[in-house]
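Numbering (our numbering), first residue to last: 22 to 321. Glycine included, every Cβ here is placed at the ideal spot set by N, Cα and C. Single-structure report; data block below.
Structure follows, in structure tokens:
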């Protein structure tokens, strides 16, 4: 039987394979991985040397990845996939950072290892994206944007990055407001349950909620506004609880006790990854660092 292969078939097969590989993580070829062809060789070499010197002096591993498009992938999920695969940073320090740029989708994200979240906060990452990277990308100067972003990341880790708090970009404001309202509804419900209950378990739930009242508002509102809800929680909860007890409205924790204990069973490490390293070319490889979702995203 004679089989006829149409000329378009090989291209169709290549297209199908390309779709299947669209969500794959590129090979870690070095500290700067320009798969989208946005940078000149001299710019790549310059930033490679800058990042190498920073790693040699601090052990922090910072890597840059440019992509043409993510297709149907979600930016934050894909960024975490790359960070977990490459395992940037030392295993005992979790001090890795990924700067991901998606050219055709016009998106950028800074993913921060767990050990550097105190120096490179979500608010700072958002400020670096808005002030250092996006304006240069909008002008079409990708090299200057990437270089400025890398330098700002290093300066922030070293405690030397200074930029006026320009607030949140207008396009981010609506999402942050919605996110904060959802936070108030969900965490506020648990807070009211704990305040309206008696017994040691209610205070255990109070302590369990403290990190939520710190991290979520800080990530959504930035500093110093993000600390206000925590202060209100720490002061307001005991006062509310005292009033509810004195007025006889408080009740034993009851069924909530088992539910509260169940909350403690959830893993707190989030996306944190451990294990082996992902080797790249030129003697550069990840050191097994972990990530927990810290960082910020933006568009241009």
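ask   = Between residue 219 and residue 258, is the Cβ-Cβ spacing less than 9 Å?
value = no
inquiry  = I'd like to confirm the pairing. Which residues does DSSP put opposite residue 114 in its beta bridges?
reply    = BP columns for residue 114 are empty, so no partner.
ask   = Taking the alpha helix (DSSP H) that residue 64 falls in, what are its first and last residues?
value = 62 to 79
key: Among 72, 61, 45, the one whose alpha carbon lies nearest that of residue 13   = Only positions 22 to 321 of the chain appear in this structure, which leaves residue 13 out of reach.
ask   = Can the beta-carbon of residue 132 be found closer than 9 Å to that of residue 119?
value = yes
request  = Report the rounded CA-to-CA distance for residue 174 versus residue 262, giving the unit in angstroms.
outcome  = 43 Å
The ligand GTP heavy atom lying under 8 Å from the CB of residue 262 = The model on display carries no ligand, and the ligand GTP is accordingly not part of it.
inquiry  = So, under 8 Å CB-CB, residue 60 and residue 229 are touching, yes? Tell me the CB distance rounded to an integer number of Å.
reply    = The Cβ separation is near 46 Å, so there is no contact.
inquiry  = Can you tell me whether residue 257 is helix, strand or coil according to DSSP?
reply    = helix
request  = Would you tell me roughly how many angstroms separate the C-alpha atoms of residue 283 and residue 216, rounded to the nearest one?
outcome  = Confidence at residue 283 is low in this model, with a pLDDT of 39, below 50, so its placement is unreliable and no value can be given for it.
key: Helix, strand or coil at residue 55 according to DSSP, with G and I counted as helix   = DSSP places residue 55 in the strand class (E or B) of the three-state scheme.
Span separating the alpha-carbon of residue 139 from that of residue 129 = 21 Å
Three-pair Cβ contact test at 8 Å for the segment 137 to 153 versus the segment 98 to 108 = no
ask   = Three-state secondary structure (DSSP) at residue 318?
value = strand
inquiry  = Which of the three DSSP states is assigned to residue 130 in this structure?
reply    = strand
message = Out of 49, 96, 148, 255, which one is the CA nearest neighbour of residue 126?
response = Minimum Cα distance to residue 126 is reached at 96.
Supposed contact pair residue 234 and residue 210 - C-beta distance, whole angstroms, cut 8 Å = Not really, about 13 Å apart at Cβ, beyond 8 Å.
Other residues of its chain near residue 145: CB distance less than 6 Å, five sequence neighbours each side excluded = 177
ask   = Of the residues 199, 236, 172, which one's Cα is nearest the Cα of residue 70?
value = If we check each option's Cα against that of residue 70, 172 comes out closest.
request  = Using beta-carbon positions only, say whether residue 46 and residue 85 come within less than 9 Å of one another.
outcome  = no
query = In its own chain, which residues sit with a C-beta less than 6 Å from the C-beta of residue 240, not counting the 5 before and 5 after it?
reply = 143
request  = Tell me residue 312's beta-bridge partners as DSSP assigns them.
outcome  = In the DSSP assignment, residue 312 forms a beta bridge with 134.
ask   = Secondary structure at residue 151, three-state DSSP: helix, strand or coil?
value = helix
ask   = Is the beta carbon of residue 242 sitting closer than 9 Å to the one on residue 249?
value = yes
key: Coarse secondary structure for residue 273, derived from DSSP in three states   = strand
request  = Out of 321, 83, 312, point me to the one whose CA is closest to residue 102's CA.
outcome  = 312
inquiry  = Is it buried or exposed, residue 319, if we count other Cβ atoms within 10 angstroms and call 16 or more buried?
reply    = buried
query = Between residue 40 and the rest of its own chain, which residues show a CB-CB distance below 8 Å, the 5 nearest in sequence each way excluded?
reply = With a pLDDT of 36 at residue 40, under the threshold of 50, the modelled position of that residue is not reliable, and no figure is offered here.
ask   = Can you give the Cα-Cα distance for residue 214 and residue 112, rounded to whole angstroms?
value = If you take the alpha carbons of residue 214 and residue 112, they lie about 39 Å apart.
query = What span of residues does the alpha helix (DSSP H) with residue 106 cover, start to end?
reply = 96 to 107
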